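Visitor: Anchor point for the sequence shown: position 137 equals 137 in the UniProt record's numbering, and the numbering is continuous, going up by one each time.
Backbone N, C-alpha and C fix where the C-beta goes; we use that ideal spot for every residue, glycine too.
Values in this document were obtained by computation on a predicted structure and should not be read as measured data.
Before anything else, here's the structure in question.
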Amino acid sequence: MAPKVAVTEATGRQAASFVLGCVATLTVMLLFQYQAPPDYGRAARSPVQFSTSRDQLLLHCGGNGTAPPPPVIARGGEEANITGKPPTTATAVAEEQPPTKPPATSTASSPTHHIPATSTDLEEEGGEFRGLAAAVARAATDDRTVIITCVNHAFAAPDSLLDIFLQGFRVGDGTPELLRHVLVVAMDPTALTRCRAVHPHCYLYTMPGLDVDFTSEKFFASKDYLELVWSKLKLQRRILQLGYNFLFTDVDIVWLRNPFKHVAVYADMAISSDVFFGDPDNIDNFPNTGFFYVKPSARTIAMTKEWHEARSSHPGLNEQPVFNHIKKKLVKKLKLKVQYLDTAYIGGFCSYGKDLSKICTMHANCCIGLQSKISDLKGVLADWKNYTRLPPWAKPNARWTVPGKCIH
Numbered sequence: 001m002a003p004k005v006a007v008t009e010a011t012g013r014q015a016a017s018f019v020l021g022c023v024a025t026l027t028v029m030l031l032f033q034y035q036a037p038p039d040y041g042r043a044a045r046s047p048v049q050f051s052t053s054r055d056q057l058l059l060h061c062g063g064n065g066t067a068p069p070p071p072v073i074a075r076g077g078e079e080a081n082i083t084g085k086p087p088t089t090a091t092a093v094a095e096e097q098p099p100t101k102p103p104a105t106s107t108a109s110s111p112t113h114h115i116p117a118t119s120t121d122l123e124e125e126g127g128e129f130r131g132l133a134a135a136v137a138r139a140a141t142d143d144r145t146v147i148i149t150c151v152n153h154a155f156a157a158p159d160s161l162l163d164i165f166l167q168g169f170r171v172g173d174g175t176p177e178l179l180r181h182v183l184v185v186a187m188d189p190t191a192l193t194r195c196r197a198v199h200p201h202c203y204l205y206t207m208p209g210l211d212v213d214f215t216s217e218k219f220f221a222s223k224d225y226l227e228l229v230w231s232k233l234k235l236q237r238r239i240l241q242l243g244y245n246f247l248f249t250d251v252d253i254v255w256l257r258n259p260f261k262h263v264a265v266y267a268d269m270a271i272s273s274d275v276f277f278g279d280p281d282n283i284d285n286f287p288n289t290g291f292f293y294v295k296p297s298a299r300t301i302a303m304t305k306e307w308h309e310a311r312s313s314h315p316g317l318n319e320q321p322v323f324n325h326i327k328k329k330l331v332k333k334l335k336l337k338v339q340y341l342d343t344a345y346i347g348g349f350c351s352y353g354k355d356l357s358k359i360c361t362m363h364a365n366c367c368i369g370l371q372s373k374i375s376d377l378k379g380v381l382a383d384w385k386n387y388t389r390l391p392p393w394a395k396p397n398a399r400w401t402v403p404g405k406c407i408h
């Protein structure tokens with residue numbers, strides 16, 4: 001019987017080896033067939049990525065608290081942090097401009113932003129927009145959005161418009177975290193020095209060949225005033241070419257709540273209104289170009305180009321009435337989608353809502369003279385501070401006491 005036992009043991013060992021081999025083979029096959037979902041390296045939530053629900057954010061700015069949509073995912077899996085809109089890829093807006101050098105990156109202390117290399121990069125090295133790409137990258141959000149304002153020496157002086165502008169962000173509801181994404185464009189070296197003393201993100205915009213002194217106050221419709229306002233449009237176009245969304249805001253605007261939640265996802269451009277007829281899609285609303293949001297695309301880059309070129313056929317006018325004259329042509333020709341912002345939320349002295357629980361920004365438009373603007377914007381901040389101190393039951397009865405000195 002001994003041989004039979006040996007045969008049985010050998011057969012058992014062979015069977016066990018066969019089973020183990022099958023298991024190992026099956027395991028290897030499963031490992032090859034199964035691929036873990038890609039790890040997009042979800043970054044840590046940046047300081048401006050709000051942790052509150054969308055309902056709460058809307059209520060901060062007078063919204064209706066409707067159910068939140070699915071989160072919008074930005075580049076690299078990060079949630080879009082200010083605008084709540086899909087990110088813009090720089091490649092898409094520069095597709096007609098072949099790359100000439102590797103993408104630039106920001107400093108190690110800031111999030112990395114991939115700047116598209118374009119045929120106009122020579123401007124960055126020694127021309128009109130030298131250093132702009134790096135300045136925008138340092139200030140921009142993770143979804144490539146930057147807030148821009150412009151100042152000269154008169155506006156940047158102590159206790160002038162720049163100080164009021166920055167103070168508004170600091171005392172506003174949900175606006176302090178936006179301040180780190182504001183790029184202040186200085187139009188002269190003195191303004192740059194003052195900006196650097198009060199704000200981390202400053203850029204000196206030099207215009208070779210343009211013999212204009214931008215340091216002093218510019219009176220409305222004067223030659224220097226027109227050069228000042230039209231030069232900003234060239235800068236804005238360059239930012240679009242770099243692949244960034246921007247919200248341009250005049251420095252005589254006080255931010256009290258986050259206005260981005262009133263910008264529609266469909267809009268190529270969202271612009272404030274001097275006169276708002278109740279429909280954001282009504283092209284006959286009167287625009288105010290002191291506050292507008294644009295996302296980069298072939299359409300919007302073409303828009304800013306045609307807008308700037310239209311100056312020659314409208315001599316003596318600033319960029320706002322020219323835009324009003326050509327807006328229907330731009331919409332028809334470029335299929336541009338323009339949203340007009342409700343003055344109940346994005347207000348100004350020309351037209352503003354009476355409900356302080358809704359207002360996001362207040363513009364010192366319909367106002368002539370630097371000192372008048374300073375006086376009445378200080379009044380806006382005083383009204384806001386008084387409003388925030390009121391008990392909840394008293395806030396619905398709060399009213400503005402301004403404007404006072406401004407023509408309106």
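(1) What's the call for Ile368, buried or exposed, on a 16-neighbour Cβ count within 10 Å?
(2) Could you check whether Pro280 and Gln339 sit closer than 9 Å to each other, using their CB atoms as the reference points?
(3) What are the residues that DSSP puts in a beta bridge with Ser272?
(4) According to the Cβ coordinates, are Thr361 and Gly353 closer than 9 Å?
(5) Can the beta-carbon of Asp376 be found less than 9 Å from the beta-carbon of Cys406?
(6) Which residues share a DSSP beta bridge with Val338?
(7) With distance defined between alpha-carbon atoms, name the residue in Met303, Asp163, Gln241 and Asp250 nearest to Cys150.
(8) Excluding the 5 residues flanking Leu192 on each side, which residues of the same chain have their C-beta closer than 7 Å to its C-beta?
(9) Quick one: what does DSSP say Gly348 is sitting in, helix, strand or coil?
(10) Using only alpha-carbon positions, find the residue among Trp307, Asp188, Arg194 and Asn324 that is nearest to Leu228.
(11) In terms of alpha-carbon separation, which member of Arg311, Trp255 and Lys373 lies closest to Val322?
(12) Residues in its own chain within less than 8 Å of Asn386 by CB, not counting five upstream and five downstream?
(13) Since I believe Val136 is in contact with Leu162 (beta carbons under 8 Å), could you give me their beta-carbon distance rounded to a whole number of angstroms?
(14) Taking all protein chains shown into account, decide if Leu370 is buried (16 or more other Cβ within 10 angstroms of its Cβ) or exposed.
(15) Enumerate in chain order the residues of its own chain whose CB-to-CB distance from Gly63 is below 7 Å, with the five nearest sequence positions on each side excluded.
(16) Just the Cα atoms here: how many angstroms apart are Asp383 and Trp400?
(17) To which residues does DSSP link Lys149 through a beta bridge?
(18) Tell me which residues share the same chain as residue 411 and place their Cβ nearer than 6 Å to its Cβ, disregarding the 5 neighbours each side in the sequence.
(19) Within its chain, find whatever has a CB closer than 6 Å to the CB of Lys232; leave out the 5 residues flanking it on each side and keep chain order.
(20) Compute the distance between the beta-carbons of Glu319 and Thr289, then report whether it is under 9 Å.
(21) Do you know offhand how far Gly172's Cα is from Thr388's?
(22) With distances taken from CA atoms, which of Val331, Cys195, Ala140 and Ile164 is nearest Arg180?
(23) From this set, Ala394, Phe291 and Cys195, which residue's C-alpha is nearest Leu183's C-alpha?
(24) To the nearest angstrom, report how far apart Met303 and Leu240 are at their CA atoms.
(25) Determine which residues share a DSSP beta bridge with Phe248 and list them.
(26) Could you confirm whether any beta carbon from chain B is found closer than 9 Å to the beta carbon of Val171?
(27) Going by DSSP in three states, Tyr205 sits in which element: helix, strand or coil?
(28) Figure out for me which residue from Gly379, Ser357 and Ser313 has the closest Cα to the Cα of Trp393.
(29) From which residue to which residue does the beta strand (DSSP E) around Thr361 run?
(30) Return yes when the Cβ of Phe165 is within less than 9 Å of the Cβ of Asp252, no when it is not.
(31) Going by the DSSP bridge assignment, what does Val254 pair with across the sheet?
(32) Tell me whether Asp376 sits in a helix, a strand or coil according to DSSP, three-state version.
(33) Is it the case that the Cβ atoms of Gly348 and His325 are separated by a distance below 9 Å?
(34) In or out: Val146 buried (at least 16 other Cβ within 10 Å) or exposed?
(35) Looking at Phe286: is its Cβ nearer than 9 Å to the Cβ of Ile346?
(36) Where do the ends of the alpha helix (DSSP H) carrying Phe169 lie?
Guide: Reading off the structure:
(1) exposed
(2) yes
(3) Asn288
(4) no
(5) yes
(6) Met269
(7) Asp250
(8) Ala186, Cys202 and Leu204
(9) strand
(10) Asp188
(11) Arg311
(12) Ala398
(13) In fact, because the Cβ distance is near 19 Å, the residues do not count as touching under 8 Å.
(14) buried
(15) Unreliable positioning characterises Gly63 in this predicted model, as indicated by a pLDDT of 42, which lies under 50. A coordinate reading is not provided.
(16) 6 Å
(17) Correcting the residue type first, residue 149 is Thr in the shown sequence and not Lys. DSSP output for Thr149 lists Val184 as bridge partner(s).
(18) Because the chain is modelled from 1 through 408, residue 411 falls outside the range shown and cannot be assessed.
(19) Cys150
(20) yes
(21) 9 Å
(22) Ala140
(23) Cys195
(24) 11 Å
(25) Ile148 and Phe292
(26) Among the chains in the structure shown there is no chain B, since it carries only a single protein chain.
(27) coil
(28) Ser357
(29) Thr361 to His363
(30) yes
(31) Met362
(32) helix
(33) no
(34) buried
(35) no
(36) Leu161 to Val171
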